[in-house]
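The structure under discussion appears below in the form of C-alpha cells.
Protein chains in written order, with the numbering used here: chain A, 1 to 252; chain B, 1001 to 1370.
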C-alpha cells in the first residue's frame, strides 16, 4: 500500500500502476535500479499479485539480497508462485537454430504464458508486473538490432491492455549520449505512459541526498486523475532497507 | 477554424479525377510529449463520424489496442467504423504458438498478422472499405495510427506507394495519418508531406532545448505549460497551387480538445523573419522620434532658419553655439553671397513631402497593380 507522503506513489498516480508502460531511466552517476527494487517489493507485498522479472544484468542472488534487506524474501515469493524469475545473463536472441526474431518470440511467449497462468489461478490479481533489467543488454542480445528489440517491447506492451498488467523497463540513457539521433530512446519515450528519470543533483555530490527523481506521468484522455499536474521533481536518499523521497530542503 | 477546414476537407473528399485529400499529422516528443497528437487524432475521428453525412472510417490501429479506440467512441458510431488490428499480433508471434479461436474478435475488428506483406495489408484495408460501402456509407476515410510503426516493418518507398494507392482508389474518399517526426530523418518526413494535401504539426508553446537530455528539473514549469497547451500549425495546399497557413492554439482539458485562434499568420511570419540575434535590432518609440528629428546634411528648411550642418562628430546643440557655423537667411541671400565669393558647389535638397520618412525603402513601383 502507498505510504503517507510517498512522493513516488503520488507522482505515478497510484503506488501500483495498472495497465501502464513505465520507463525508468538512469545514468552512470545515479543508478535507477532502486526504483525497480522498490516497485517489485510493493507488488509482492500485496496478497494478490504476481511479477515476471527478466534479469539480464544481475543474477537472482543479487536481487534476493537487496530485497531481503527491504523486507521481501524473493526465494519464498518464487516458491509460492508469485514471482517468475527469468535469469538471462548469457541471453542471446540469435542461435544456431533461431534468428533474432525467433529468439525474442520465444522469450515473449514464455512471459505471456507465465502471466496467463497467474491470471488463470487468480483472475482478480490486483497487481501484475513485467519487469525488464535492462534494455541496453536486450539490445546486445539482439546483436544491435533496434527493430527486433522494439518488436519485443511492443508485444510485451500489448500484455498491458490484454492482461491488465504493467510493463516496467530500466534503460541506461547515457549509453546513447554520443549518438546524434538516439532513436531507440525516443521510441521508448513515445511508448511509455510514465517516465521516471534518476539523475545526479545539479549542485554535485552530497552525503545526505543521493540524487533527484523526475516523474513524468503523461496520462490519457480518459484518465480519472483530477489534478492536471503531470511532472514531479524531488530528491531521494537510498537507505539500507528503504528509500526516502522529499522535496529539496524538506528532509527531516 | 483550422480544425473545421481539415474536417470539411476530409469529409468532402475529392472531386472526380483527383486523388483523395490526405492529412499528415506530425508531432514530436517536445510537443507536448506526443500525447496530444493522439488526442487530436481521436478528436478528428470523432468529428468525422459525428458529421452525419454518411462518413465512415477504417482505422488502422498500430499504437493502441482497437478496444481502446472503441471505448472512446459513442456506441452510435461503432457501426460506422471498422478497425484493422495491427497492434495485437502484427508479426504472428501469438498466432503461431496459440491460434486464437475464430470468434475471438468483435465483428468490426479485423486482426492482421502479417504486417511484412504490404499487398495483403492494402487489400485488408480495401476489403473493410468495401464492406462499409456495402452498408450504405458513400464516404470512407482511412485513418492510420501511425505510419511510424509501418516504417519499422516496411521500407519508405513501399509505404509511400501504399498511401498513394489508397488515395487513388475509388472507394477511399480521404486519408489521414500520424507520424512522429523525431523518430525519422528529415527526408522521410518531407516525403510524407509531399504526398499530403494538408499538413498539421504540433509545436510546443515553450521551446526547450534537446528534450531527451534536458535538465528537466530546471524547466518543469515550461514542460507543464507544454502539456496543457500546444501550437497547432496547419498548411493547406489548394488546387490552384496556393498554400494557406494557419496557426492556432490547442488546449486539452478534462478529456476534450479545444482550438483557439492566435495572432494572424502574417504577423507570426513577420516575427519569425526577424533574425534571432543576441543584440537588439528593434527601435523603441523614443529612438524613432529621435531619428525623425535628425537633420540631414544639406537639407534646406526654406523657412529662414539657419542651415545646421551636422558633421556627426558633435551634437546639434553644440553646433548652434559655434560662431563659425554657416548663417544664411535664405536662398536669395545665398545667391548674393555667392556673387562675391569664389564659386562653391551647393546641394539643395528639397523633400518630396513632409510625410516622407528618411531612409525609406519604399519601392516606387509598389503602387502598380499587376
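Heads up, the beta-carbon is just placed ideally off N, CA and C, and yes, glycines get one too. None of the values given here were measured: they were computed from a predicted structure.
8 angstroms contact criterion, which residue i and residue j should meet: CB distance rounded
i, j, result
"residue 191/A", "residue 135/A", "That pair is no contact at about 11 angstroms."
"residue 174/A", "residue 27/A", "4 angstroms"
"residue 67/A", "residue 37/A", "6 angstroms"
"residue 230/A", "residue 1069/B", "Contact doesn't hold; Cβ gap of about 23 angstroms is too wide."
"residue 1048/B", "residue 1011/B", "6 angstroms"
"residue 148/A", "residue 93/A", "7 angstroms"
"residue 11/A", "residue 238/A", "About 17 angstroms; that fails the 8 angstroms criterion."
Proximity to residue i [Cα-Cα], best of the options
i, options, result
"residue 80/A", "121/A, 166/A, 33/A, 28/A", "121/A"
"residue 85/A", "66/A, 98/A, 59/A", "59/A"
"residue 1240/B", "1253/B, 1258/B, 1197/B", "1197/B"
"residue 41/A", "24/A, 32/A, 74/A", "74/A"
"residue 166/A", "111/A, 139/A, 203/A", "111/A"
"residue 1087/B", "138/A, 162/A, 218/A, 46/A", "162/A"
"residue 1061/B", "1089/B, 1116/B, 1193/B, 1055/B", "1089/B"
"residue 1064/B", "62/A, 102/A, 155/A, 198/A", "155/A"
"residue 244/A", "151/A, 106/A, 209/A", "209/A"
"residue 1001/B", "1294/B, 1284/B, 1249/B", "1249/B"
"residue 1179/B", "1021/B, 1027/B, 1010/B", "1027/B"
"residue 23/A", "172/A, 91/A, 168/A, 94/A", "168/A"
"residue 1067/B", "1037/B, 1348/B, 1150/B, 1082/B", "1082/B"
"residue 1017/B", "1077/B, 1096/B, 1170/B", "1170/B"
"residue 1192/B", "1054/B, 1164/B, 1168/B, 1203/B", "1164/B"
"residue 205/A", "99/A, 196/A, 235/A", "235/A"
"residue 1168/B", "1350/B, 1003/B, 1019/B", "1019/B"
"residue 130/A", "144/A, 13/A, 108/A, 10/A", "108/A"
"residue 1004/B", "1282/B, 1291/B, 1236/B", "1236/B"
"residue 1126/B", "1140/B, 1135/B, 1116/B, 1136/B", "1140/B"
Sequence-distant residues of its chain with Cβ nearer than 7 angstroms to residue i (five each side left out)
i, result
"residue 44/A", "51, 72, 77, 82, 83"
"residue 1114/B", "1092, 1120"
"residue 1205/B", "1225, 1226, 1229, 1230, 1231"
"residue 250/A", "none"
"residue 1112/B", "1084, 1085, 1086, 1090, 1121, 1124"
"residue 1195/B", "1022, 1160, 1163, 1164"
Same chain, Cβ closer than 6 angstroms to residue i, five either side skipped, listed in chain order
i, result
"residue 146/A", "184"
"residue 1110/B", "1084"
"residue 1118/B", "1154, 1158, 1162"
"residue 137/A", "56, 57"
"residue 1144/B", "1060, 1177"
"residue 1166/B", "1142, 1172, 1175"
"residue 193/A", "20, 21, 218"
"residue 53/A", "85, 131"
"residue 1042/B", "1072"
"residue 1201/B", "1026, 1233"
Secondary structure of residue i, DSSP reduced to three states
i, result
"residue 84/A", "strand"
"residue 1113/B", "coil"
"residue 247/A", "coil"
"residue 187/A", "helix"
"residue 1129/B", "helix"
"residue 1162/B", "helix"
"residue 23/A", "strand"
"residue 144/A", "coil"
"residue 1204/B", "strand"
"residue 158/A", "helix"
"residue 1148/B", "helix"
"residue 1346/B", "coil"
"residue 1233/B", "strand"
"residue 1289/B", "helix"
Own chain, CB closer than 8 angstroms to residue i, minus 5 neighbours either side, in chain order
i, result
"residue 200/A", "27, 29, 30, 211, 212"
"residue 125/A", "48, 49, 50, 118, 119"
"residue 318/A", "There is simply no residue 318/A to check, as chain A begins at 1 and stops at 252 in what is shown."
"residue 106/A", "98"
"residue 1333/B", "Legend: pLDDT at residue 1333/B = 44, less than 50; position of this residue unreliable, value from coordinates given subsequently. Within the same chain, residue 1333/B has no close Cβ partners at all."
Within-7 angstroms CB hit, residue i to chain D
i, result
"residue 1029/B", "Chain labels in this structure do not include chain D; the protein chains are A and B."
**OP:** Using a Cβ-Cβ cut-off of less than 7 angstroms, give me the residues of the region 1073 to 1095 of chain B that come near chain A, in sequence order.
**Re:** 1087, 1088, 1091, 1093
Original post:
Using a Cβ cut-off of 7 angstroms, which residues of the region 153 to 175 of chain A contact any Cβ in chain B, in chain order?
Top reply: 155, 158, 161
Original post:
Of all the residues that make up the region 101 to 127 of chain A, which are near chain B by a beta-carbon distance shorter than 7 angstroms?
Top reply: 105, 108, 109
Original post:
Taking any Cβ of chain B, which residues in the region 228 to 244 of chain A have a Cβ under 9 angstroms from it, in chain order?
Top reply: 228, 229, 230, 231, 232, 233
Original post:
Taking any Cβ of chain A, which residues in the region 1167 to 1183 of chain B have a Cβ under 7 angstroms from it, in chain order?
Top reply: 1180, 1182, 1183
Original post:
For the region 188 to 214 of chain A, which residues have a CB atom closer than 8 angstroms to at least one CB atom of chain B, in sequence order?
Top reply: 189, 190, 197, 199, 202, 212, 214
Subject >> Near-chain A residues of the region 1220 to 1246 of chain B - C-beta to any C-beta below 7 angstroms >> reply: 1220, 1223, 1224, 1227, 1228
Subject >> Contacting positions in the region 22 to 39 of chain A - beta carbon closer than 9 angstroms to chain B >> reply: Listed in sequence order: no entries.
Original post:
Going along the chain, which residues of the region 1057 to 1070 of chain B sit with their C-beta nearer than 8 angstroms to a C-beta in chain A?
Top reply: 1064, 1065, 1067, 1068
**OP:** Anything in the region 1123 to 1153 of chain B with a Cβ closer than 9 angstroms to a Cβ of chain A? List those residues in chain order, please.
**Re:** 1148, 1149, 1152, 1153
**OP:** Can you give me, in chain order, the residues of the region 5 to 21 of chain A that have a beta carbon less than 7 angstroms from any beta carbon in chain B?
**Re:** none
Subject >> Residues of the region 124 to 150 of chain A whose Cβ lies closer than 8 angstroms to any Cβ of chain B, in chain order >> reply: 147, 150
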